[in-house]
Amino acid sequence: MVQSIVIICEDSPFGKNSVTESIRLATGLLAVGDIELCKVIFMGDAVYFLNKNLTPKALNVDPVDNIIRLMELSDLEIYVHDEALKTAGLEITDLIQNENLKVIDMEIISKLILEAEMCFKY
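Numbered according to my numbering, the sequence shown terminates at residue 196, and the numbering increases by one at each position without gaps.
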């Protein structure tokens, strides 16, 4: 049985629902209880989803409050690629407050992927 999963999000959260679906997938896997470790890595444009100043209404998209709350309630481990954050012009202080959110480099991302029994990319 698979015990550890890494889900990688790279797509923009605008115009697609891949970021929210990856969070739903991860929290669902954790809720079932058979999976002990499920981590989500935000890379590329996906980092914009974690911007605490994001205003979905201004972008004419659905609110993300429920998904953010779901991340918090599930204790989901969230990792953010440091270079993607820099490319987006964001600092760690621009991100939502979540004790399970960590900014990491590509070396650690590679290690997380190698250690996981299964990986998904959205």
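Using N, Cα and C, we set each Cβ at its ideal position, and we do this for glycine too.
In the structure shown, Met180 adopts helical secondary structure according to DSSP, grouped into three states.
Contact between Phe123 and Val93 holds, with the beta-carbon distance rounding to 5 Å and staying under 8 Å.
Nearest Cα to Arg98 within the set Glu165, Asn140, Leu188, Val154: Asn140. Per DSSP, the continuous beta strand (DSSP E) segment holding Val114 begins and ends at 111-116. In the three-state scheme derived from DSSP, where H, G and I count as helix and E and B as strand, Asn140 is classed as helix.
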